[in-house]
Amino acid sequence: MTADGVSGGVANGVTVAIVGATGLVGEALLGVLTEREFPISELFALGRDGVDDETVLFADRPKHLKPLGEFDFSRCRFAFFCVPPAVAAIHARRAAASGCTVIDVSGQFRLDATVPLIAADANAQTLDGSAATLIAGPSAEVVQLAAVLSPIQAAVGLRRVHVTTMLAVSDRGRAGIGELAGQTARLLNVQKIEAKIFPAQIAFNAMQQRDGPDIEGELRKVLSDAGLVVEFNGFYVPVFYGHSQSLRIETERPITVEQARKLLRAAKGVKLRDKADTLTPVGDSVGGDDVLVGEIRPLADASNGLLLWTLADNVRKSAAVNSVQIAESLLKLHL
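First residue of the sequence shown: 4, per the numbering used here; consecutive thereafter.
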C-alpha cells in the first residue's frame, strides 16, 4: 500500500493531481482511482485559488485542496483536468509543458488536431507511447457511442450513424442536479420555480440540448473515419445520472442481430443485457463501469444496419473511468 492507501504496482507509485477535485467528475475520479488501485505515491487535490481550507476524501482520508494558480505541475506524473474549458485553456498546457501528462475532460482540446482524443474502450491502442503530454477525453455521449460502435466498425464498417441521446442533468454538473432537485421539490409543494441552468423548467419536462459539444466531429476523430455520416440529437430529461442513447446505424456490409450480439458480448467496456430486459438509467446504469446494450433490432428497410438502445453513467463511466483507463494504458506503455 502507498502512503495514500492505494495499492502500488509501478515502482513506488506515481504522483497525481486532480484539478477540479470538488466537482462531480473530480469526486468520481477520486473514487475510481481508489477502487481500481491505481498506483499513487502522492495525490494533490487542486481547486480555485483561495480554497485551501476545503478538503476532499481520497481512500477514506481527507485531502486539503491546494490552489491551482500557483501549483507546480512538474511534481506530477499525471494531472486530470475536470474543470470548465476556460480554466483548462489557461492551465492544461502549462501543466503539459512542465512534463506532466495531462488527461483533460473539459472539452477544450477535443477537436485540436495536435491533441489525441481517446475513448479508452475504442482507441486506446492509438497511444503509441511517444510524445503526447496532453490527451483529451471525449464528451460522455461519444465515449458511450464509441464503445458500442468500434467493434461493429472493425467487423463490417460504418456508413451512417444517427443517435438520439437523452441527457441526464448531471451533464451540467452539480448546478444541473440542484436545479432539477429544487424544481421538483417546489412543484410538489405548489410553489413557483426558477430556471437558471436550463432555459426552461426541467422537472417533469424535456428539452432539446443547444450549444452542446460537436458530437459529429468527436466521433469521427475517435473512430478515425472522416467520411462517416453522423447525425445527432440531444435532449435533456429529468434524470440525475445516466445518458440513454437510441442508435440507428447503417453498415458498409450486412450484419445480423446475432452477429452484433456476438461482437458486443466480446467488446471491452460493454455489457450486453438480455433483449427482454427493460433498461433504465436509474435502475441499471448509475454507478456502473460499462456501457449497457439492451435490445438490438434489424433495420426494417435494409440488411446493412441495426437499431440499438444503450445506457451509461455519464459521470462515472464516460468521464472518470475513461480518464483512469487512459492513464492505465499509458502506464502499460511505461510512460
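Glycine included, C-beta positions come from ideal geometry on N, C-alpha and C.
Among the options, the one whose alpha carbon lies nearest that of residue i
i	options	result
Q248	P257, E255, F238, R256	F238
W312	F243, A95, L267	L267
R276	I252, A315, T254	A315
F201	A229, T129, G215, A122	G215
L295	A158, A157, F47, Q147	Q147
P141	S101, E219, S77	E219
G291	G16, G34, I21, V19	G34
D75	R96, A89, A92	R96
G110	V233, S227, A303, L137	L137
G176	Q211, A143, L190, V151	A143
Local Cβ density within 10 Å of residue i, reported as buried at 16 or more and exposed below that
i	result
S321	buried
H94	buried
Q194	exposed
M4	Confidence at M4 is low in this model, with a pLDDT of 33, below 50, so its placement is unreliable and no value can be given for it.
G23	buried
S288	buried
Q128	exposed
V105	buried
F207	exposed
K224	buried
H246	buried
S10	Residue confidence is low: S10 scores 38 on pLDDT, short of 50, so the model does not pin down where it sits. Its coordinate-derived value is still stated next. Flag for S10 reads exposed.
Q211	exposed
Residues bridged to residue i [DSSP beta-bridge criterion]
i	result
R64	F61
V294	V273
A20	F47, A82
G237	T168
Beta-carbon separation (whole angstroms), residue i vs residue j, contact threshold 8 Å
i	j	result
R162	E221	Incorrect: roughly 18 Å between the Cβ atoms, too far for contact.
A20	F47	4 Å
F235	V327	Between V327 and F235 the Cβ distance is about 26 Å, and since that is not below 8 Å, they are no contact.
A263	L309	6 Å
Margin query: I want to know whether the region 171-179 touches the region 228-247 - three or more CB-CB distances under 8 Å.
Written below: Contact holds: three or more Cβ-Cβ distances are below 8 Å.
Checklist line | Three-pair Cβ contact test at 8 Å for the region 67-86 versus the region 19-38 | finding: Enough Cβ pairs lie closer than 8 Å, so yes.
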